[in-house]
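In the numbering used here, the protein residues as written are 32 to 110.
Where a beta carbon is used, it is the ideal one built from N, C-alpha and C, also for glycine.
See below for the structure under consideration.
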């Protein structure tokens, strides 16, 4: 089991426990209602590359402990 804290750069959800062998980052983001298309995804401060959103946490090397799944949305630049 893995504990995942998911959020945006402005808010975080409370940690939840998942089975790392069947759960993917996309499943966690969808469950939390986070629009991941609007930003850059990172797992424990490492960017998720194309296709990794559908790999299980175990396939991403995350087994046990706590992981942070964050969607960082870049705001508009003011000029």
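Open item on the list: Can you give me the C-alpha to C-alpha distance between residue 57 and residue 67, rounded to a whole angstrom?
Closed with: On the chain shown, position 26 is the one that residue 57 refers to. On the chain shown, position 36 is the one that residue 67 refers to. If you take the alpha carbons of residue 57 and residue 67, they lie about 8 angstroms apart.
Open item on the list: If I measure Cβ to Cβ from residue 50 and keep anything under 7 angstroms in the same chain, skipping five residues before and after, which residues do I get?
Closed with: Taking the first residue of the chain shown as position 1, residue 50 is located at position 19. Within the same chain, residue 50 has close Cβ partners 32.
Task: Beta-carbon contacts of residue 87 that lie in its chain and below 8 angstroms, excluding the five residues immediately before and after - done: Residue 87 sits at position 56 when you count from the first residue of the chain shown. Same-chain partners within the cutoff: 51, 52, 53, 54, 55.
Open item on the list: Less than 6 angstroms between C-beta atoms, sequence neighbours within five positions excluded: which residues of the same chain meet that for residue 70?
Closed with: Here residue 70 refers to the residue found at position 39 of the chain shown. Contacts found: 102, 103, 104.
Open item on the list: Pull the bridge partners of residue 104 from the DSSP assignment, please.
Closed with: Sequence index remark: in the chain shown, residue 104 carries index 73 (1-based). Residue 104 pairs with nothing; no bridge assigned.
- [ ] Use the C-beta contact count for residue 48: other C-beta atoms within 10 angstroms, 16 or more gives buried, fewer gives exposed.
- [x] In the chain shown, the residue the question calls residue 48 occupies position 17. Exposed: under 16 other Cβ atoms inside 10 Å.
- [ ] Would you decide whether residue 77 is buried or exposed? Buried here means 16 or more other CB atoms lie within 10 Å of its CB.
- [x] Translated into positions along the chain shown, residue 77 becomes position 46. Its Cβ having fewer than 16 others within 10 Å, residue 77 is exposed.
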